[in-house]
């Protein structure tokens with residue numbers, strides 16, 4: 006029996022039904038975005054009422070203290086879980102919070118955050134119950150994602166002796182989450198540009214945090230960077246410093262910077278051009294304020310026989326930035342050498 010054109014079961018009417026369904030779906034999608042735009046209006050108005058200059062200030066520049074490298078999971082919003090406001094944290098997220106040596110995206114973010122934004126702290130944050138970690142633990146073919154998750158499987162290989170001793174899959178998964186965070190922190194620690202910045206300025210510091218979805222708790226993991234440095238410096242040539250100690254105090258960093266600037270630029274042994282040193286110190290405004298630059302030059306000039314001399318003694322400049330006990334120690338060494 007041939008179906009009637011008027012019959013509800015007629016295949017002739019199916020395209021019309023499908024078209025109507027698609028139209029309804031498109032309208033529903035449009036309404037979903039509309040709700041976001043309405044939320045934005047309410048948020049904007051609320052911000053303006055509480056801080057009339059907020060958006061003008063945000064438009065001028067960003068000066069975040071932190072770089073957050075986190076998981077893409079929608080349940081771990083960086084600013085929300087840390088209680089920060091717009092402009093206080095530079096954020097990069099991907100599946101399982103990975104920092105991979107051939108991932109141009111994450112490396113570009115790190116370079117921009119360190120060299121341009123001068124962030125003081127880099128945070129790698131993972132979370133228990135991470136879908137990326139869980140997928141890496143399962144021996145399944147996941148297409149393109151397999152290439153990305155291989156980095157987590159490499160973490161499992163590195164820590165296999167520890168992981169096989171964990172009896173339950175849940176606890177093993179939690180531990181892999183922690184070990185993955187630690188390894189990503191070490192991957193950042195190995196980046197040459199990060200190392201150079203730490204040696205010159207004493208930052209960025211690197212932290213590993215883990216977030217618990219069940220409790221909302223954010224906890225810092227213990228990472229032995231110094232131990233790692235001692236063990237693998239010969240392999241990765243980590244931190245080209247004379248010792249495995251990374252300078253931390255501001256005075257030590259300032260003294261090191263003066264020595265780096267002077268090295269190879271002395272007019273004669275132990276003496277440097279006032280104009281050259283002033284210009285170079287002012288460029289390093291992360292470490293030296295205007296008053297400190299003027300103060301060290303003035304101090305060195307007072308020790309010159311002719312204060313109008315275009316050259317000053319390098320050690321006089323260095324002593325200006327050294328702690329009193331360090332100056333005394335250097336003086337004692339000079340007397341011993343005599």
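Residue numbers (my numbering): 6 to 343. All C-beta atoms in this analysis are idealised placements derived from N, C-alpha and C, irrespective of residue type, glycine included. Predicted model, so just to flag it, every value in this text is computed and none were measured.
Using a threshold of 8 angstroms, state whether the C-beta atoms of residue i and residue j are closer than that.
{"i": "residue 301", "j": "residue 325", "result": "yes"}
{"i": "residue 214", "j": "residue 225", "result": "yes"}
{"i": "residue 319", "j": "residue 271", "result": "yes"}
{"i": "residue 131", "j": "residue 185", "result": "yes"}
{"i": "residue 106", "j": "residue 74", "result": "no"}
{"i": "residue 147", "j": "residue 154", "result": "yes"}
{"i": "residue 71", "j": "residue 104", "result": "no"}
{"i": "residue 2", "j": "residue 190", "result": "Outside the shown range of the chain, which is 6 to 343, sits residue 2, and nothing can be said about it."}
{"i": "residue 127", "j": "residue 193", "result": "yes"}
{"i": "residue 262", "j": "residue 295", "result": "no"}
{"i": "residue 328", "j": "residue 256", "result": "yes"}
Going along the chain, which residues of its own chain have a beta-carbon closer than 7 angstroms to the beta-carbon of residue i, five neighbours each way excluded?
{"i": "residue 279", "result": "302, 315, 316, 317"}
{"i": "residue 298", "result": "283, 286, 287"}
{"i": "residue 55", "result": "none"}
{"i": "residue 156", "result": "103, 105"}
{"i": "residue 80", "result": "218"}
{"i": "residue 113", "result": "none"}
{"i": "residue 177", "result": "168, 171"}
Who are the near neighbours of residue i in its chain, counting only those whose CB is closer than 6 angstroms to its CB and skipping five residues on each side?
{"i": "residue 188", "result": "160"}
{"i": "residue 259", "result": "292, 326"}
{"i": "residue 67", "result": "92"}
{"i": "residue 277", "result": "267, 271, 319"}
{"i": "residue 136", "result": "none"}
{"i": "residue 202", "result": "119"}
{"i": "residue 232", "result": "none"}
{"i": "residue 22", "result": "none"}
Please list the terminal residues of the continuous alpha helix (DSSP H) segment that includes residue i.
{"i": "residue 109", "result": "109–116"}
{"i": "residue 278", "result": "Note, residue 278: premise wrong, no alpha helix (DSSP H); beta strand (DSSP E) at 276–278."}
{"i": "residue 177", "result": "174–194"}
{"i": "residue 197", "result": "197–206"}
{"i": "residue 60", "result": "59–65"}
{"i": "residue 75", "result": "Run containing residue 75: none in the alpha helix (DSSP H); it sits in the beta strand (DSSP E), 71–76."}
{"i": "residue 163", "result": "150–163"}
{"i": "residue 84", "result": "83–87"}
{"i": "residue 299", "result": "295–307"}
{"i": "residue 266", "result": "255–267"}
{"i": "residue 138", "result": "136–142"}
Could you tell me how far apart the beta carbons of residue i and residue j are, in whole angstroms, since I believe they sit closer than 8 angstroms?
{"i": "residue 196", "j": "residue 115", "result": "7 angstroms"}
{"i": "residue 218", "j": "residue 133", "result": "6 angstroms"}
{"i": "residue 53", "j": "residue 59", "result": "7 angstroms"}
At which residues does the beta strand (DSSP E) containing residue i begin and terminate?
{"i": "residue 99", "result": "94–99"}
{"i": "residue 126", "result": "126–132"}
{"i": "residue 212", "result": "210–216"}
{"i": "residue 317", "result": "316–318"}
{"i": "residue 224", "result": "223–225"}
Between residue i and chain D, is the shortest Cβ-Cβ distance under 8 angstroms, so that the two count as touching?
{"i": "residue 50", "result": "Of the chains in the structure shown, none is chain D; there is only one protein chain."}
Is residue i near the ligand SAM, in the sense that its beta carbon is under 7 angstroms from a heavy atom of that ligand?
{"i": "residue 278", "result": "The ligand content of the structure shown is nil, which means the ligand SAM is not present either."}
So, for residue i: in the same chain, excluding its five sequence neighbours on each side, which residues have a beta-carbon less than 8 angstroms away from its beta-carbon?
{"i": "residue 86", "result": "216, 221, 223"}
{"i": "residue 90", "result": "84"}
{"i": "residue 24", "result": "none"}
{"i": "residue 94", "result": "69, 70, 71, 72, 73, 83, 84, 87"}
{"i": "residue 64", "result": "none"}
{"i": "residue 198", "result": "115, 116, 119, 120"}
Exercise for the section: Examine the Cβ distances between the segment 106–126 and the segment 197–216 and report whether three or more of them are shorter than 8 angstroms. Expected result: Under the three-pair Cβ rule at 8 angstroms, the segment 106–126 counts as touching the segment 197–216.
Problem - Cβ pair count under 8 angstroms reaching 3, the segment 132–142 against the segment 179–187 - result: yes
Exercise for the section: For the segment 97–105 and the segment 75–88, state whether three or more C-beta atom pairs, one from each stretch, are separated by less than 8 angstroms. Expected result: With the cut-off at 8 angstroms, the segment 97–105 and the segment 75–88 touch.
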